[in-house]
Structure formats: structure tokens, C-alpha cells
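**Student:**
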Amino acid sequence: MEISGVISAIVIGIVIGVLGRLVVPGRQRIGILWTILIGIVAAFIGTGIAAGLDVADTKGVDWVEWLIQIAVAAVGVAAVSKVKVRH
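Add 209 to the 1-based position in the sequence shown for this note's numbering, that's all there is to it.
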């Protein structure tokens, strides 16, 4: 992966993390850095799931892949938020 690919993955991860956070109802007690980290991880996991389902490469915008990434980010935000509340 080239540096441009890494930078775009980070930017997309930030967007995915923020969208995932917006999808989760209520207040999340995690910081923006956790949101960004979850978004980056969710972007990679979502891309893997989309590739496994053979929906990663479509004409135009990959809406299905984005929806999978956002769903994974929402689950990640909810999970980390619950863990952070307990401590």
C-alpha cells in the first residue's frame, strides 16, 4: 500500500467513525481519538467483509461497502462506549 492509500484509509476511517458514532443512539462517552481509531479499524474490516461478499467493487460509489463499514463502526462505537462506561 502506498502512502496515498494509507492517507486515504485514515481519512475514510475518520468519516466512517464519525458516521458510526452518529448512528448509535444516545451519548457515547468516548473521545474523538477512539472514534477515529474505531473508524479506521471498521473501514478495514468493512472492506474485508465487502470483498468476502463480492460487493467491494461496483460501478460508481460503493454504497454497500460504505454501509457495511458504517455498521461495523457503529457496533465498535457502542461496544467501546459500554466498556468505557463500566470503568
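Using N, Cα and C, we set each Cβ at its ideal position, and we do this for glycine too. Since the structure is predicted, the reported quantities are computational estimates derived from the model, not experimental observations.
Can the beta-carbon of A252 be found less than 8 angstroms from the beta-carbon of A218?
**Tutor:** In the sequence shown, the residue the question calls residue 252 occupies position 43. In the sequence shown, the residue the question calls residue 218 occupies position 9. For A252 and A218, yes; Cβs fall inside 8 angstroms.
**Student:** Run through DSSP, which three-state label would Q237 get?
**Tutor:** Taking the first residue of the sequence shown as 1, we reach residue 237 at position 28. In this structure, Q237 counts as coil in the three-state DSSP scheme.
**Student:** When DSSP labels each residue in this structure, what does V284 get in the three-state scheme?
**Tutor:** Taking the first residue of the sequence shown as 1, we reach residue 284 at position 75. The answer is helix: DSSP assigns V284 an H, G or I state.
**Student:** State the Cα-Cα distance for the pair P234 and W272, rounded to the nearest angstrom.
**Tutor:** What you label residue 234 is simply residue 25 of the sequence shown in a count that begins at 1. What you label residue 272 is simply residue 63 of the sequence shown in a count that begins at 1. Straight-line Cα distance between these residues: approximately 22 angstroms.
**Student:** Report yes or no: do the stretch 255 to 262 and the stretch 284 to 294 share at least 3 C-beta pairs separated by less than 8 angstroms?
**Tutor:** No, the stretch 255 to 262 does not touch the stretch 284 to 294.
**Student:** Please list the terminal residues of the continuous alpha helix (DSSP H) segment that includes A218.
**Tutor:** Working through the sequence shown from its first residue, we reach residue 218 at position 9. Segment 212 to 232, the alpha helix (DSSP H) holding A218.
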